[in-house]
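Visitor:
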Amino acid sequence: MSGDSDCTRTSPSAGSPSDNEFLPDRPKYVCSLSPDLITKAREELQEKPEWRLRDVQALRDMVCKDYPSLGTCLDDAFLLRFLRARKFDYDRALQLLVNYHTCRRSWPEVFNNLKPSAIKPVLESGFVTVLPRLDPEGRHVVCIRPDRWTPSNYPITENIRAIYLTLEKLIQSEETQVNGIVILADYKGVSLSKASHFGPFVAKKVIGILQDGFPIRIKAVNIINEPRIFKGIFAIIKPFLKEKIANRFFLHGCDLNSLH
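Once you know that position 163 of the sequence shown is 163 in UniProt numbering, the rest is easy, because the numbers rise by one and skip nothing.
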């Protein structure tokens, strides 16, 4: 599901406050976090339950004032994703929201018609899956298997579509918004010819969106069974990584014990 598919209500036009009278009532937000996660959100994300709706309204007001034509969803639950991803810093949350939509409009090959039925072969291939169990920190583990992809069947952008569709589904969970996710990429059996499809253009676009255009906390990226050529791949990726994210990349080789 694309972010745009969630946007059933758009921000009002500038100078037309009366338009709100014709919008249906927004769904009332009900917190689903456990007491432990409420405490974690307070400590790690600066989220104060008693101020939560005030903070959401502040972000909503900023959108309507500064980006009246953004066309974004203004529901509490949707905006809360961006506040949590930026530790309730209004300005950074607003920029993330703007980037979220800008990224989608700038890469139509990936984000247009982004729904399960449109990428059924990729989803069935097992290229990207979510492990059934959470890790010890309560985080979902997103497993990526490039060996499941046959380049002659469909372009690499279809794989990227599957990844973002998976992330869109995960980020609907408040638990995921607080705990974040872990990515596990298994490069066993990946050839040089297959790796060459992930060039600088694709690398820059994907990393740019994950770092600055998607409301999810990536807590670790574990690479296993990587061949020697992966050093070359990582050399392509690294210039686009912020230091904080770069420090969360871990190369394990065949030593799976180091994952624990």
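The C-beta atom is built at its ideal place from N, Cα and C for all residues, glycine as well.
Near N99, what residues of its chain come up, given a Cβ to Cβ distance below 7 Å and the 5 sequence neighbours on each side ignored?
Guide: The answer, listed in chain order, is D212, G213.
Visitor: Pairing CB atoms from the segment 191-203 with CB atoms from the segment 54-64, are three or more of them under 8 Å?
Guide: No: fewer than three Cβ pairs fall under 8 Å.
Visitor: Over what stretch of residues does the beta strand (DSSP E) that includes G184 continue unbroken?
Guide: The amino acid at residue 184 is misidentified as Gly; the sequence shows Leu. Segment 181-186, the beta strand (DSSP E) holding L184.
Visitor: Mind checking who L251 pairs with in its DSSP beta bridge?
Guide: I223, per the DSSP bridge assignment.
Visitor: With DSSP as the reference, please indicate the residues paired to T129 in a beta bridge.
Guide: Paired residue(s): C143.
Visitor: Counting only runs of 4+ residues fully inside the segment 35-60, write out the alpha helix (DSSP H) ranges in chain order.
Guide: Listed in chain order, they are 35-45.
Visitor: Below 6 Å CB to CB, which residues in the same chain sit around I224 once its five sequence neighbours on both sides are set aside?
Guide: Contacts found: D186, H252.
Visitor: Between P27, S258, D36, C31, which has its C-alpha nearest E137's C-alpha?
Guide: Among P27, S258, D36, C31, the Cα nearest to that of E137 is on D36.
Visitor: Does I119 come out as helix, strand or coil in the three-state DSSP assignment?
Guide: If DSSP states are grouped into helix, strand and coil, I119 belongs with the helices.
Visitor: By the three-class DSSP mapping on this structure, what secondary structure does I218 have?
Guide: Reduced to three states, the DSSP call for I218 is strand.
Visitor: Determine the contact status of V141 and V182, defining contact as a CB-CB distance below 8 Å.
Guide: Cβ distance < 8 Å, so V141 and V182 count as in contact.
Visitor: To the nearest angstrom, how far is the alpha carbon of I160 from that of L114?
Guide: Cα to Cα, the separation comes out at about 11 Å.
Visitor: What does the alpha-carbon distance come out to for the pair R26 and A220?
Guide: Their Cα atoms are separated by approximately 35 Å.
Visitor: Do I207 and F234 have their CB atoms nearer than 8 Å?
Guide: Taking 8 Å as the Cβ cut-off, I207 and F234 do not qualify as a contacting pair.
Visitor: Run through DSSP, which three-state label would R228 get?
Guide: In the structure shown, R228 sits in coil (DSSP, three-state: anything other than H, G, I, E or B).
Visitor: Compute the Euclidean distance between the alpha carbons of S32 and I229, then round it to the nearest angstrom.
Guide: Distance between the alpha carbons of S32 and I229 is about 44 Å.
Visitor: Rounded to the nearest angstrom, what separates A77 and E226 at their Cα positions?
Guide: Using only the alpha carbons, I get a separation of about 38 Å.
Visitor: Tell me which residues share the same chain as G189 and place their Cβ nearer than 6 Å to its Cβ, disregarding the 5 neighbours each side in the sequence.
Guide: For G189, where only same-chain residues beyond five positions count, the Cβ hits under 6 Å are D147.
Visitor: Helix, strand or coil for L33, going by three-state DSSP, please let me know.
Guide: In the structure shown, L33 sits in coil (DSSP, three-state: anything other than H, G, I, E or B).
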